[in-house]
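Working notes, structure below.
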Amino acid sequence: MSKIVRALSADGSVLCSAVDSTDAVRRLHEIHGTSATASAAAGRLITAASLMGAMMKNENDRLTVRISGGGPIGNITAVADHMGNVKCSIDNPFADLPPNGAGKLDVAGVVGTDGYLTVIRDLGMKEPYAGQIPIISGEIAEDITQYYAVSEQIPTVCALGVLVDTDLSIKCAGGYLIQLVPPINEAAIDVIEKNIGKMQSVTHMLTENMTPEQIALEGLAGLDGEILDEWEAGYFCNCSRERTERILAALGKSELERLAEEQPETELCCHFCGKKYRFSSDEIKTLIQTI
Ligand SMILES: [Zn+2]
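Numbering-wise, my numbering puts 2 at position 11 of the sequence shown, and it's gapless, one number per residue.
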């Protein structure tokens, strides 16, 4: 399981959440068979979604983060619940590129920079709230930071990291999000900027066996940060046969009749966890009766 921690500065003006998402990214790699660069890209996105989801209040709240940059990986969509449990779908999980000029996995190259980062919050209202910004870097953390600044007007620092081994297994993954809570304390901004300047990369900190607690408190160094709460989250898909039936039913009678005629069995595969659901043509015919 991934561990999520939230810490608050003593004056209540800065919130820092941190997550060790290694297990969730390992599961993502296992399900989707991602290339090294795709593991880094999608792993960063689910880590961000987990931190962002964990800030929602209610049990049924859902947060979707989608990055569509026109690169070889296509769209990556991460969905999180209010506990920071995440699932992810990837158009082309095998997409890969040679390392970039800095010798790192070319996340921006595989994601692309010609497109949008979209965040949809479904808070159980009539309409979900959606915000969208043009991608500025494609490296994901910078895009999340920009999203908060532009779309939600919340000054935020986001750092994300996924370390992929030469055999494509995931060594470690995690991230942190530092946010200013209104009313903004200008003095705290200076402290945070200094802290960020001093902090090592997320994967470096995790490799040094730093815990999410230590990372969150390091983000709040000099501000007497205290841990608010901590809990475990993971890669979690809530698909079921019933949900799959509803998706099928949405195709409409004539399409279902065609499926029942043309093939003895219809198979639907969940884009998030790879689970397969099979329906015989008799079952499809029964489903038609319920529409
Ligand atoms: Zn599923």
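All C-beta atoms in this analysis are idealised placements derived from N, C-alpha and C, irrespective of residue type, glycine included.
- Annotation: the stretch 167 to 229 contains the following complete segments of the alpha helix (DSSP H) (minimum length 4 residues), in chain order: 177 to 189, 193 to 198 and 203 to 210.
- In the DSSP assignment, T28 falls within the alpha helix (DSSP H) that extends over A27 to G44.
- Contact check for I81 and I67: beta-carbon distance about 5 Å, within the 8 Å limit, so the pair qualifies.
- C-alpha of A121 to C-alpha of G115: approximately 13 Å in a straight line.
- Sixteen is the threshold: when 16 or more other Cβ atoms of the shown chains lie within 10 Å of the Cβ of A33, as they do, the residue is buried.
- Just measuring C-alpha positions, the residue of A27, L19, T104 and D113 sitting nearest R53 is D113.
- For Q254, no alpha helix (DSSP H) encloses it, and the DSSP letter there is neither H nor E.
- In terms of side-chain proximity, the C-beta atom of C230 is found nearer than 7 Å to a non-hydrogen atom of ligand 1.
- Shown here for T147: same chain residues with a beta carbon closer than 8 Å to its own, the five before and five after excluded, namely I135, T136, Y139, A140, L168, I169, Q170 and L171 in chain order.
- The alpha carbon of F85 has as its nearest neighbour, out of L96, G24 and K48, the alpha carbon of G24.
- Note on N49: under 16 other CB atoms within 10 angstroms of its CB, so exposed under the neighbour-count rule.
- Beta-bridge analysis with DSSP links V102 to no other residue.
- In the DSSP annotation of this structure, T157 is not part of any beta strand (DSSP E), being labelled neither H nor E.
- Taking C-beta atoms under 8 Å as the contact rule, I131 and L36 qualify, at a distance of about 6 Å.
- In the DSSP assignment, D273 falls within the unbroken alpha helix (DSSP H) covering S272 to T281.
- Cβ neighbours of G65 within its own chain (closer than 6 Å, five residues either side excluded): D82 and N83.
- Contact between L159 and A15 does not hold, since the beta-carbon distance rounds to 16 Å and is not under 8 Å.
- Comparing alpha-carbon positions, the option among E209, V56, V5 and Y268 lying closest to C230 turns out to be Y268.
- When secondary structure is reduced to three states using DSSP, Q144 falls in the coil class, being assigned neither helix nor strand.
- Spatial neighbours of E223 in its own chain (CB-CB distance under 8 Å, excluding positions within 5 residues in sequence) are listed in chain order as M(-8), S(-7), K(-6) and I(-5).
- If you look at L88, you'll find it isn't in any beta strand (DSSP E); DSSP assigns it neither H nor E.
- Ranked by Cα distance from R17, the first of A31, S4 and S8 is A31.
- Here the distance from the Cβ of C261 to the nearest heavy atom of ligand 1 is below 7 Å.
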